[in-house]
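Numbering (our numbering), first residue to last: 4 to 175. Glycine included, each C-beta is placed from N, C-alpha and C at the ideal position. Note that the coordinates shown come from a computational prediction; the quantities given were computed from them, not determined experimentally.
Following this line, the structure appears as structure tokens:
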């Protein structure tokens, strides 16, 4: 059976004076030239279309997602730290008032805190992302929502405020 070289396509003659495994024309081993040609064909078949534009889009999408996720994580981390730490050196828990500027009950809560020497943080639920998110997390609904440590008071409840904040109220 005649042998054809996979590299140079030379037809091997029976009277060739080189080993049976070698092409007399180009000197290459038939098995190695066959593997190289198969590898070349395989490489051509598996070559992929250039998707550099697509990779750029995925990279941009990843950066945008990271840019959106980082501020949300930072805000959540900040709120967790606030809820775990006392607001003052006297051990008073953190007091957060979720309210609005136009709400009469929110104004009454502000006056109560001021009159009784209670340190508090006010977050406007209409003009602040942190206020909106905290209000929603605390149960939403109406305003004011007052968070004292882990305790949530919905609406203005002076008796409830006095009960929870009793150790820190200014003595009149």
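Closest Cα partner of residue i within the set the options
i: residue 163; options: 115, 130, 173, 141; result: 115
i: residue 121; options: 5, 170, 148; result: 170
i: residue 74; options: 132, 112, 123, 62; result: 132
i: residue 1; options: 128, 123, 117; result: Nothing can be reported for residue 1, as the shown portion of the chain is limited to 4 through 175.
i: residue 112; options: 68, 130, 17, 161; result: 161
i: residue 134; options: 104, 153, 19, 64; result: 104
i: residue 153; options: 145, 144, 137; result: 137
Buried or exposed (CB count within 10 angstroms, at least 16 for buried), residue i
i: residue 100; result: buried
i: residue 11; result: exposed
i: residue 66; result: exposed
i: residue 63; result: exposed
i: residue 126; result: buried
i: residue 158; result: exposed
i: residue 102; result: buried
Contacts around residue i, its chain only, beta-carbon distance under 8 Å, and the 5 residues preceding and following it disregarded
i: residue 168; result: 95, 98, 119, 121, 151
i: residue 24; result: 32, 33, 34
i: residue 21; result: 27, 30
i: residue 13; result: 7, 26, 27, 28, 29
i: residue 77; result: none
Same chain, Cβ closer than 6 Å to residue i, five either side skipped, listed in chain order
i: residue 172; result: 119
i: residue 141; result: 148, 150, 155
i: residue 123; result: 98, 100, 116
Residues bridged to residue i [DSSP beta-bridge criterion]
i: residue 32; result: 25
i: residue 12; result: Note: residue 12 sits in no beta bridge, so no partner.
i: residue 6; result: According to DSSP, which records beta bridges pairwise, residue 6 is partnered with nothing at all.
i: residue 100; result: 125, 149
i: residue 154; result: 151
Own chain, CB closer than 7 Å to residue i, minus 5 neighbours either side, in chain order
i: residue 165; result: 172
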